[in-house]
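Protein chains in written order, with our numbering: chain D, 7 to 325; chain G, 7 to 325. Just below is one structure, and these are the notes that go with it.
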């Protein structure tokens, strides 16, 4: 048996990931209700919105309204996403609610950087320098390096552990240039290429180079392997995962229309709790919130657990 | 890195599991087409039907017709399921197509034995003695002991490794009584209670007691953990898995209406092949057959991979 961690931190990204991809308009009140219900499940990190161009992502035209209306719960970090100084400036209006943290976000695949951002990797590094300067100007600490497409890419194919390490190193160089203290390296399986072995090799390579920095995993269930990949991470002591309730989200990338989104929060909670890894989350309550998310988006979500129910519910009946 | 096996044997049970649970009638010709298409993917073991009471399982009223119409492909084992001598007698009519093997099938949960079979465990042992005698009378070798609800039960709760071992031992005692040479112990996670740790402990306990007998896993994805559980099995060298294309099947048990069925064949193939474990299966072709299965049943199946496509398809485009 591997050394599983004693506890994990779950970063719930369902509201942000989920509502940007739904075709229909989702009422602001529904978004707020979901966010507040998630906080009541014992989740301590909830990403509530994206400050992006409403012409590009109409689903987040109401980011400000959501931030105004959410009643914060003590002990919960509410976060938001932005990609440029304009988005950052919008987020700065909500320091009452939001915990603002800066990130240096890169992509291990040059082809994906072109497709997704219309930039070369070198241009992206320049953009991240500019963004880091903007964060520091506003007294926002930059503590995270993120790597998208860390385990493979629809446009470029396989990504090696060496390419992950090189991409992280590029981010660490920017951090060093600006004197930022990086506390977390986040590896994202953006297009669902990871397998347990790729997770093991990628995490091991990053940890060997930066043994004192925490590693987080952002996993997508595009091909049904997300829970197995999370387990591989847990076995290596990974203690932080991004998830979405019900598997909200989806995959906007080439050739994957209708594909699943992020790893389901409730399936990760089940996996962890049943193996003695504490999450702090009330699973039965979270399953109810997952069903609420299905009502809000108006269709079934990928989570199998929403239909099957928790094991504890059956244990109580059987006892 | 654990010692993964070099290859695994996949027992495709989609036709049998899938067509018994669908509410609508499925045309015999569609069943035959799916079975023949599965054989063309490189699968070497396909369970084609159930010889059960058509009043109880109307979806298999045409078991004979299916067996008559399937054109066997060289090198493929076609199998069927039956639960009593009446079913066995029906199967005996199709030795042209079917590989007939006997099994001693028990359940690790006494409560499930009552609910599912309306018998006590002791009565089930008596029934298995009778069935073993019937198999031997017809010169059908009894080579397998199966344990249902091996990792937990909706009606009884948790199942310990000791309870699994005791149930296998009960089956082995019947085998010894009749002089049967058991070559496989199959552990079924009938209601989706397994986690990677439960798989590790259960498989280890059985292997310690019967080190020379192969272990197979029959996993259900009821709560989204099937692929992680399969990976746990692979790490322990398990070389045989029951699966269903597209995740055909479902869960007829208490409180799990609409829950997922078996582990998807194509997701297990992806997991294995991407980690260097040979399956002999052409994954792109199998994904096409999964989509055919969705057309036949008339609704989306649980497999995420059917929507996302294989990695090789993207590798070819990226190259």
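Here a beta-carbon is modelled for each residue, glycine too, at the ideal position from N, C-alpha and C.
TODO: Would you kindly work out how many angstroms separate the C-alpha atoms of residue 298 of chain G and residue 174 of chain D, rounded to a whole number?
DONE: Position 292 of the second chain, counting from 1, holds the residue named residue 298 of chain G. Position 168 of the first chain, counting from 1, holds the residue named residue 174 of chain D. Straight-line Cα distance between these residues: approximately 43 Å.
- [ ] Taking all protein chains shown into account, decide if residue 195 of chain D is buried (16 or more other Cβ within 10 angstroms of its Cβ) or exposed.
- [x] By 1-based counting over the first chain, the position of residue 195 of chain D is 189. It is buried - the Cβ of residue 195 of chain D has at least 16 other Cβ atoms within 10 Å.
Task: Closest residue to residue 49 of chain G among G/256, G/320, G/293, G/186 (Cα-Cα distance) - done: The count along the second chain starts at 1 and reaches residue 49 of chain G at position 43. The candidate whose alpha carbon is nearest that of residue 49 of chain G is G/293.
TODO: Evaluate the contact criterion for the segment 132 to 144 of chain D versus the segment 177 to 188 of chain D: three or more CB pairs, one atom per stretch, below 8 Å.
DONE: yes
Open item on the list: So, for residue 28 of chain D: in the same chain, excluding its five sequence neighbours on each side, which residues have a beta-carbon less than 7 Å away from its beta-carbon?
Closed with: Looking up residue 28 of chain D in the first chain gives position 22. Here the set comprises 65, 303.
Open item on the list: Whether or not the segment 141 to 160 of chain G and the segment 105 to 116 of chain G are in contact is what I'm after, with contact meaning three or more pairs of Cβ atoms, one per stretch, closer than 8 Å; do they touch?
Closed with: yes
- [ ] Confirm, please, whether the CB-CB distance from residue 235 of chain D to residue 201 of chain D is below 8 Å.
- [x] Here the question's residue 201 of chain D lines up with position 195 in the first chain. Here the question's residue 235 of chain D lines up with position 229 in the first chain. It is a contact, given that the beta carbons lie within the stated cut-off.
Task: chain D within 8 Å of residue 119 of chain G, Cβ atoms only - done: Looking up residue 119 of chain G in the second chain gives position 113. No, its Cβ sits nowhere closer than 8 Å to a Cβ of chain D.
Task: DSSP three-state assignment for residue 166 of chain D, whether helix, strand or coil - done: For this step, residue 166 of chain D is matched to residue 160 along the first chain. Here residue 166 of chain D sits in coil by DSSP.
Open item on the list: Taking CB distances under 8 Å as the criterion, tell me whether residue 283 of chain G reaches chain D.
Closed with: Taking the second chain and counting its residues from 1, the one referred to as residue 283 of chain G is at position 277. Closer than 8 Å: no.
Task: Run of the beta strand (DSSP E) containing residue 190 of chain G, from where it starts to where it stops - done: Position 184 of the second chain, counting from 1, holds the residue named residue 190 of chain G. It spans 190 to 195 - the beta strand (DSSP E) in which residue 190 of chain G sits, taken as one unbroken run.
Task: residue 15 of chain G versus residue 33 of chain D: straight-line alpha-carbon distance, rounded - done: To locate residue 15 of chain G, count along the second chain from 1; it is residue 9. To locate residue 33 of chain D, count along the first chain from 1; it is residue 27. Using only the alpha carbons, I get a separation of about 50 Å.
TODO: Scan the segment 224 to 239 of chain G for residues whose Cβ lies nearer than 9 Å to a Cβ of chain D and list them as they occur along the chain.
DONE: 227, 228, 229, 230, 231, 232, 233, 234, 235, 236, 237, 238
Task: Whole runs of the alpha helix (DSSP H) within the segment 74 to 137 of chain D, excluding any shorter than 4 residues - done: 91 to 98, 116 to 123
TODO: Closer than 8 Å by beta-carbon distance: list the chain G residues that pair up with residue 315 of chain D, in chain order.
DONE: Reading the first chain from its first residue, position 309 is the one you call residue 315 of chain D. Ordered by position in chain G, the residues that pass the 8 Å Cβ test against residue 315 of chain D are 261, 262.
- [ ] Use the C-beta contact count for residue 130 of chain D: other C-beta atoms within 10 angstroms, 16 or more gives buried, fewer gives exposed.
- [x] For the purposes of this step, residue 130 of chain D is taken as residue 124 along the first chain, with counting starting at 1. Buried, since its Cβ has 16 or more Cβ neighbours within 10 Å.
TODO: Note down the Cα distance separating residue 123 of chain G from residue 315 of chain G, rounded to an integer number of angstroms.
DONE: Taking the second chain and counting its residues from 1, the one referred to as residue 123 of chain G is at position 117. Taking the second chain and counting its residues from 1, the one referred to as residue 315 of chain G is at position 309. Going by the C-alpha atoms only, they are around 40 Å apart.
- [ ] Tell whether a beta-carbon distance below 8 Å holds between residue 180 of chain G and residue 153 of chain G.
- [x] One-based indexing of the second chain puts residue 180 of chain G at position 174. One-based indexing of the second chain puts residue 153 of chain G at position 147. Contact flag unset, no.
TODO: Please confirm if residue 246 of chain G has its CB atom under 8 Å from at least one CB of chain D.
DONE: To locate residue 246 of chain G, count along the second chain from 1; it is residue 240. It does not: the Cβ of residue 246 of chain G has no partner Cβ on chain D nearer than 8 Å.
Open item on the list: For a cutoff of 8 Å on Cβ pairs, would you count residue 123 of chain D as touching chain G?
Closed with: The residue you call residue 123 of chain D lines up with position 117 of the first chain. Output row for residue 123 of chain D: interface = no.
Open item on the list: Less than 6 Å between C-beta atoms, sequence neighbours within five positions excluded: which residues of the same chain meet that for residue 289 of chain D?
Closed with: In the first chain, the residue the question calls residue 289 of chain D occupies position 283. Contacts found: 275, 316.
- [ ] Anything in chain G within Cβ reach of residue 201 of chain D, meaning under 7 Å, just list it in chain order.
- [x] In the first chain, residue 201 of chain D corresponds to position 195, counting from 1. Within 7 Å Cβ-Cβ: 277, 280, 281.
Task: residue 249 of chain G - DSSP class collapsed to helix/strand/coil - done: Start at 1 with the first residue of the second chain, and residue 249 of chain G comes out as number 243. Note: residue 249 of chain G maps to strand in three-state DSSP.
Open item on the list: Can you tell me which residues form a DSSP beta bridge with residue 275 of chain D?
Closed with: The residue you call residue 275 of chain D lines up with position 269 of the first chain. Beta-bridge pairing links residue 275 of chain D to no other residue.
- [ ] Identify every run of the beta strand (DSSP E) within the segment 20 to 66 of chain G, keeping only runs that are complete inside it and at least 3 residues long; order them along the chain.
- [x] 51 to 57
Open item on the list: For a contact defined as C-beta to C-beta under 9 Å, what are the partners of residue 308 of chain G on chain D?
Closed with: The residue you call residue 308 of chain G lines up with position 302 of the second chain. Neighbours of residue 308 of chain G on chain D, chain order: 230, 308, 310.
Open item on the list: Just to confirm before moving on: does the CB-CB distance between residue 221 of chain G and residue 233 of chain G stay below 8 Å?
Closed with: Mapped onto the second chain, residue 221 of chain G falls at position 215. Mapped onto the second chain, residue 233 of chain G falls at position 227. No, the pair does not count as a contact, with Cβ atoms beyond the cut-off.
TODO: Go to residue 17 of chain D, then tell me how far its beta strand (DSSP E) extends in each direction, as first and last residue.
DONE: Sequence index remark: in the first chain, residue 17 of chain D carries index 11 (1-based). That run of the beta strand (DSSP E) goes 15 to 18.
Task: Residues that DSSP places opposite residue 221 of chain D in a beta bridge - done: Translated into the one-based positions of the first chain, residue 221 of chain D becomes position 215. BP columns for residue 221 of chain D point to D/191.
- [ ] Mind checking which residues open and close the alpha helix (DSSP H) that includes residue 239 of chain G?
- [x] Working through the second chain from its first residue, we reach residue 239 of chain G at position 233. Where residue 239 of chain G is concerned, the enclosing alpha helix (DSSP H) stretches over 232 to 241.
Open item on the list: Can you list, in chain order, the residues of its chain with a C-beta nearer than 7 Å to that of residue 37 of chain G? Leave out the 5 residues immediately preceding and following it.
Closed with: Counted from its first residue, the second chain places residue 37 of chain G at position 31. Excluding residues within five positions, the ones whose Cβ falls inside 7 Å are 21, 25, 72.
Open item on the list: For residue 270 of chain G, would you say it is in contact with chain D, using Cβ-to-Cβ distances shorter than 8 Å as the test?
Closed with: Counted from its first residue, the second chain places residue 270 of chain G at position 264. Yes, residue 270 of chain G lies at the interface with chain D (some Cβ there is under 8 Å from its Cβ).
Open item on the list: So residue 88 of chain D and residue 57 of chain D are supposed to be a Cβ contact under 8 Å. How far apart are they, rounded?
Closed with: The count along the first chain starts at 1 and reaches residue 88 of chain D at position 82. The count along the first chain starts at 1 and reaches residue 57 of chain D at position 51. Contact holds; Cβ gap of about 4 Å.
Open item on the list: What does the alpha-carbon distance come out to for the pair residue 228 of chain D and residue 116 of chain G?
Closed with: Looking up residue 228 of chain D in the first chain gives position 222. Looking up residue 116 of chain G in the second chain gives position 110. Their Cα atoms are separated by approximately 38 Å.
Task: Minimum C-alpha distance to residue 176 of chain D - residue among D/223, D/157, D/206, D/112 - done: As a first step, residue 176 of chain D is located in the first chain; it is residue number 170 there, counting from the start. If we check each option's Cα against that of residue 176 of chain D, D/112 comes out closest.
Open item on the list: Assuming residue 298 of chain G is part of the alpha helix (DSSP H), what are its boundary residues?
Closed with: Against the second chain, residue 298 of chain G aligns to sequence position 292. It spans 289 to 303 - the alpha helix (DSSP H) in which residue 298 of chain G sits, taken as one unbroken run.
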